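First comes the structure, then the notes that go with it.
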Amino acid sequence: MSALVVDGLRKRYRDHEAVAGIGFTVEQGEIVALLGPNGAGKTTTLEILEGFRSRDAGRVEVLGRDPGDRAERRWLRERVGLVLQDIAVEPHLRVRETIARSAGYYPAPRDVDEVIELVGLGEKRDAKVKDLSGGQKRRLDLALGVIGDPKLLFLDEPTTGFDPTARRGAWEVVRSLRDLGTTVVLTTHYMDEAQALADQIVVLNAGRVVAQGTPETIGGRDTARTRIRFARPDGVAPEELPVVPTEIDETSVTLEVDDATGALHRLTGWALERGTSLHRLTVEQPTLEDVYLSLTGDAAGRPEAASTQRRQRRRNRRAA
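Using full-length UniProt numbering, you'd call the opening residue of the sequence shown number 1 and step up by one each time.
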């Protein structure tokens, strides 16, 4: 059984079709990144998957159940974790108290101290929430999302505001969850985060899936032309180069080629014969960010119908 199945999903708000017949599947134990600009349909899609919003058409299965069926909500609540952007806990509670209280909502929660260590809050277990840094509060929010030992975890922008060290620490936590068998659906605006964590990427734009695949292959990354760039050797005219440059100026030469191996062989052989160095030589394929921008353009979109704050309030009612 797949962890998530979305088939022909549609949702309209008056004259705006926020989700226009999308489909994708998430297998158990995968980390899947759902990417897209504002207005792409991510929030609406997630709210439907989380059971917070009804759909107009299509089939949705979460752990084999329909999140739109009220009779299934308690079952799903005990098996699905949510980590949204805003923390919603009492600031004067201590870290361990906060996590232990949340553990009481679930029939078979994980060990509280084990979760504290998993998210890297061991030294802050007795600190009050109000005294935590922004990154530490985000780790607490992650702890609240996993204390119920979810089979499926939704992570909404998990490292927003983190410094580079804290971000990589959070990545290790997410990988650890995947290794323990948790399926993770991640939204992020950081392409390096999607590259580092995701087994699969789904890109939405204007309510439609415009690409789906691994970070290495999505959007044809694995077959795209390779860009080779190096400093222009002194005294070398463009026609003296062993390859035809795509772009050349006073300081640099750029090539875009299908056969990177052959081009590099010709370049390096030519340079060795002349006794010339190819300074600042780089070889690049399109980055995930390049592909993402080509798929989504400059679409800023329109704000989606439901705000993060409203999702947080619904989460609180759900936990209660």
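A virtual CB, placed ideally from N, CA and C, is assigned to each residue, including glycine.
Keep in mind the model is a prediction, meaning the values are calculated, not measured.
The Cβ-Cβ distance between R10 and A57 falls below 7 Å.
Leaving aside the five residues that flank L93 on each side, the residues in its chain whose CB is nearer than 8 Å to its CB run, in chain order, R101, K128 and V129. Excluding five sequence positions before and after V80, the CB atoms of its chain that fall closer than 8 Å to its own CB belong to E50, V62, L63, P150, K151, L152, L153 and F154, given in chain order. Straight across, the Cα-Cα distance linking R110 with G36 is about 33 Å. Scanning its chain for C-beta atoms nearer than 6 Å, with the 5 sequence neighbours on each side dropped, one finds around A18 the residues K11, G41, T44 and G207, in chain order. Residue pairing of I248 in beta bridges, as defined by DSSP: V253. Judged by pairs of C-beta atoms under 8 Å, the region 256–275 does not touch the region 12–31, as fewer than three such pairs exist.
Counting every other CB atom within 10 Å of its CB across the protein chains shown gives E47 a total of 16 or more, marking it as buried. Residues of the same chain with a CB within less than 7 Å of the CB of G29, apart from the 5 flanking positions on each side, are R178, G181 and T183 in chain order. Residue range L4 to Y13 is occupied by the beta strand (DSSP E) that includes R10. Taking C-beta atoms under 8 Å as the contact rule, V253 and F230 qualify, at a distance of about 6 Å.
The secondary-structure analysis by DSSP pairs G81 across a beta bridge with L153.
Under the three-pair Cβ rule at 8 Å, the region 277–288 counts as touching the region 218–230.
Where T261 is concerned, the enclosing alpha helix (DSSP H) starts and stops at A260 to R274. With distances taken between CA atoms, V6 lies nearest to D66 out of E193, D66 and F52. Our two residues, E27 and A3, have alpha carbons roughly 5 Å apart in a direct line.
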